[in-house]
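Colleague: Just so you know, we're using this note's numbering here: the sequence shown kicks off at 27 and counts up by one. Glycine included, C-beta positions come from ideal geometry on N, C-alpha and C. Would you mind keeping the following structure in view while I ask a few things?
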Amino acid sequence: MPFPTPKTSLAPVENVLMEAISAQAIIDAVEMRLFDHLSRQPMPAASLAQTMQLKSEPLEAMLDILVERQLLTLDGKTYANTQMTEEYLVSSSPLFQGKALTLQQGHNEMIRKNLITLLKGGSMERDATDSKWAEADTMEGTLQHALNGQIQMAVAYLKELPEFASFRTMADIGGNHGHYSMELLAHNPKLISTILDLPQVIEPAMRRCSALGFGDRIACKPFDLRSDELPEAAFDLVFTSHVLYGCVDDMEKFFRNIHHSLKARGCFVSHHFSPDGGASRLYQTSVELITRLMGYKTHFLSGQVLKEALTATGFGNFTHTYTGCDGQALLLVARKL
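What follows is the structure in structure tokens.
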């Protein structure tokens with residue numbers, strides 16, 4: 027019996043599978059410091075292979091993948107870094123993303139190996155994921171990821187708030203192990219911060235803040251936003267970054283806790299991925315799958331959902347911006363009424 031002639035192309039599926047090769051080529055190129063060599067001097071594949079002690083022909087094929095992914099340019103036979111590569115993939119760059127990419131690749135690999143198990147309710151639950159946040163590579167990776175414009179743009183916006191100069195006390199809940207606090211404190215010499223985070227995060231976060239010269243203006247205390255109470259009227263500013271997905275089941279309860287902790291006319295700031303932001307649909311759906319498999323309901327909170335819950339708990343006078351070079355994160359400021 028003859029096989030039927032296909033009416034559609036399988037290329038979309040095959041191309042997606044081949045993306046795994048591109049992803050591995052990028053990760054390994056960063057790990058091997060390939061982009062560092064090309065930053066010092068653009069060169070042909072043969073010269074780069076000699077410099078890195080690699081085989082020339084397969085390296086050339088790998089470089090062509092990186093050209094296709096717009097990480098390199100090819101002029102004749104000479105390969106060179108693109109501007110994006112110079113910013114993010116050269117290890118000497120202040121915006122280097124090496125550990126951030128490795129962290130993301132680790133999440134992706136976990137999904138690859140355990141997707142069916144996790145879909146059936148496997149063991150990747152909150153307790154397991156929470157324990158990772160105190161690891162040094164995780165802390166460095168989350169910082170590097172935030173340097174894609176999120177920290178810089180958030181701080182640039184917040185320091186221009188009319189209230190900012192009058193702030194004296196802030197609570198920083200999940201603010202990238204103190205880095206948001208330190209950047210804000212640098213713009214307000216009278217401001218002090220209390221970092222509230224998971225118990226296992228407190229000690230390494232405090233060491234990092236002290237090493238960077240903020241040990242006398244920052245305190246670190248254990249806190250679980252899903253269960254712990256904040257002190258009454260203690261803060262002019264409460265800042266949260268990428269943590270609200272942990273309390274979406276009862277967001278109003280958390281916001282009442284925040285309202286209770288703010289002084290009169292204090293500000294609450296939510297910094298979180300938003301479906302209204304500029305992240306691609308591919309990125310959004312992929313992150314959402316990872317998030318749900320790790321035991322959370324969503325990683326993308328819309329401004330409308332946040333405003334409704336905040337309004338119901340005594341907040342108003344909202345202002346906002348989007349951060350990150352693609353505008354993927356919503357920075358929402360709410361004032362205590």
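Where does T104 sit, in a helix, a strand or coil, going by DSSP?
Modeller: Correct three-state label for T104: strand.
Colleague: Within the chosen definition, does the region 275 to 287 reach the region 227 to 235 through at least 3 CB pairs nearer than 8 Å?
Modeller: Short answer: they don't touch.
Colleague: So which of C246, T317, P188 has the shortest CA-CA distance to V274?
Modeller: Nearest option by C-alpha distance: T317.
Colleague: Is the CB-CB distance between V295 and L222 below 8 Å?
Modeller: Result no, Cβ atoms of V295 and L222 do not sit closer than 8 Å.
Colleague: Would you kindly report the start and end of the unbroken alpha helix (DSSP H) that includes P38?
Modeller: Counting along the chain, the alpha helix (DSSP H) containing P38 begins and ends at 37 to 57.
Colleague: Would you kindly report the start and end of the unbroken alpha helix (DSSP H) that includes H60?
Modeller: Rather than His, the amino acid found at residue 60 in this sequence is Leu. From DSSP, the alpha helix (DSSP H) with L60 extends over 60 to 66.
Colleague: Should L364 and L184 be called a contact, given that it needs their Cβ atoms to be closer than 8 Å?
Modeller: The structure shown does not extend to residue 364, since the chain is modelled only from 27 through 363, so no value can be given for it.
Colleague: Looking at E278 and A338, is the spacing between their C-beta atoms short of 8 Å?
Modeller: The answer is yes: Cβ separation under 8 Å.
Colleague: With C-beta atoms as the reference, is L288 less than 8 Å away from F265?
Modeller: No.
Colleague: Can you list, in chain order, the residues of its chain whose CB lies under 7 Å from that of E86, leaving out five sequence neighbours each side?
Modeller: Hits under 7 Å: A71.
Colleague: Please identify the residue among S82, G167, Q123 whose C-alpha is closest to the C-alpha of Y114.
Modeller: The shortest C-alpha separation from Y114 is found at Q123.
Colleague: Provide the residue(s) that pair with D223 in DSSP beta bridges, ordered along the chain.
Modeller: Partner(s): P248.
Colleague: Should A37 be labelled buried (16 or more other beta-carbon atoms within 10 Å of its own) or exposed?
Modeller: It counts as exposed.
Colleague: Are at least three pairs of beta-carbons, each pair with one atom in the region 64 to 81 and one in the region 98 to 105, less than 8 Å apart?
Modeller: Output reads yes: the region 98 to 105 touches the region 64 to 81.
Colleague: How far does the alpha helix (DSSP H) with N214 in it reach, from first residue to last?
Modeller: Careful: N214 lies outside any alpha helix (DSSP H) and carries neither H nor E.
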